[in-house]
Amino acid sequence: MITSNENIKLWMAPLHGVTVSRFRNLFFRHFGGIDEVMAPFLPVVDAPNVRARQWKDILPQNNENLKVVPQLMGNDPVQFVNTLHILADMGFTAANWNIGCPMQQIVRKRRGCGLMPHPDLVEKVVEAVCARTTACFSIKMRLGLKSPQEGLELLRRLESYPLDFIVIHPRLGVQQYEGLPDWDAFDTLFAATSHEVVYSGDVWSVADYQRLQQHYPTIRQWMLGRGLLRNPFLAEQIKSSDEAVDKQRFSIFYADLLDSWHASGLTDKGILNSLKELWHYFAVFCDLSDLQLQQLLREDDLVAFEQKSRDAINHIFTK
Ligand SMILES: Cc1cc2nc3c(=O)[nH]c(=O)nc-3n(C[C@H](O)[C@H](O)[C@H](O)COP(=O)(O)O)c2cc1C
């Protein structure tokens, strides 16, 4: 069974340092198909410590007509409640909690995926948030840090709380983004919760989406991350079931991206670093070999980098 694609909701996944407001605004000016965005994580704070710089990313004036759900990282119930009150004052009614980030320095501090083996800590935060805020609160997690048993236990504990939804990425934290997703474990977790599950992971093509959609026909919300960056047309393609790509549109998008990055106040080094990060993904769209990508990434002069990257895009027109 394939559910009508009009009824599904597609999210832009949070990618820290990549899907920031500058990128999101640009993306939405050029591509369609995405219904809502989850912003990359912000640390929870005590009320007096809010630092405007970190929060600029989610401010409505920096997100042109986008529905953005802020994401929080932390483990302290009081800080969560304080931060959610700040977000409510800013006009946000929903927020997500990241307990899936696998980065060592975060895991070590019992944040992100480091929380998954500690269901008591997770429950304390959820309990406080549900009792003391009106936020539509959701969670983004993995199968576990080291074992899917962790995810299973967590879902059992979360069953009685009024969560908005739970995003699940079907890998363990120790896998980072390597190796294959564990579908059997995902099946078990999916069956173990009555919360709405949002799926996140390894949707690289319309065929991937359709295969997963057939396997999980009751999942109505899908999150696209690296696949959307590798192919910015992916959400449009999924919604229309038409795999056409408009190379000219990508080229216009990239020209606008360079203009926006120059107008952003970033230093040349900042622009170069940001472009290099994006080219890990754009290289796939432009069909660059590993060697061609390595050669591009070795370029440390911004002007030369821009020229080479434009050449790579022009090259796709000759294919
Ligand atoms: C560079 C990078 C940064 C990420 N940053 C975040 C983040 O800030 N918050 C979060 O919940 N997940 C983050 N993720 C995980 C993604 O949101 C997503 O769940 C994961 O990449 C799997 O989906 P995909 O295969 O569609 O990319 C990040 C992933 C990558 C590769």
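All the letters of the sequence shown, read from the start, carry residue numbers 43 to 361 under the working numbering. Just so it is clear, CB atoms sit at the ideal spot from N, CA and C, and this is done for glycine as well.
Beta-carbon to beta-carbon, arginine 66 and leucine 108 are separated by about 6 Å, close enough to satisfy the 8 Å threshold.
Glutamate 201 carries a coil assignment under DSSP once its states are collapsed to helix, strand and coil. The beta carbon of phenylalanine 347 sits closer than 8 Å to the beta carbons of Leu314, Leu317, Lys318, Leu338 and Glu341 from its chain, once the five residues preceding and following it are set aside; these are given in chain order. The C-beta of proline 82 has 16 or more other C-beta atoms within 10 Å across all chains shown, which makes the residue buried. Boundaries of the alpha helix (DSSP H) around tyrosine 296: 289-305. Bridge partners of glutamate 78 according to DSSP: Trp53. The DSSP-derived three-state label of histidine 211 is strand. Taking non-hydrogen atoms of ligand 1 into account, the C-beta of aspartate 244 is found less than 6 Å away from one of them. Sequence-distant partners of alanine 170 (beyond 5 residues in either direction) whose C-beta falls short of 6 Å from its own C-beta, in its chain, are Pro119 and Val123.
Ligand 1 approaches asparagine 140 closely enough that one of its heavy atoms is under 6 Å from the residue's Cβ.
When the beta-carbon positions are compared, glutamate 195 and methionine 158 stay at least 7 Å from each other. Looking at the backbone, the Cα of histidine 72 and that of tryptophan 303 are separated by about 15 Å. Under DSSP, tyrosine 241 takes part in a beta bridge, and its partners are Ile210 and Trp264. In the three-state scheme derived from DSSP, where H, G and I count as helix and E and B as strand, serine 247 is classed as coil.
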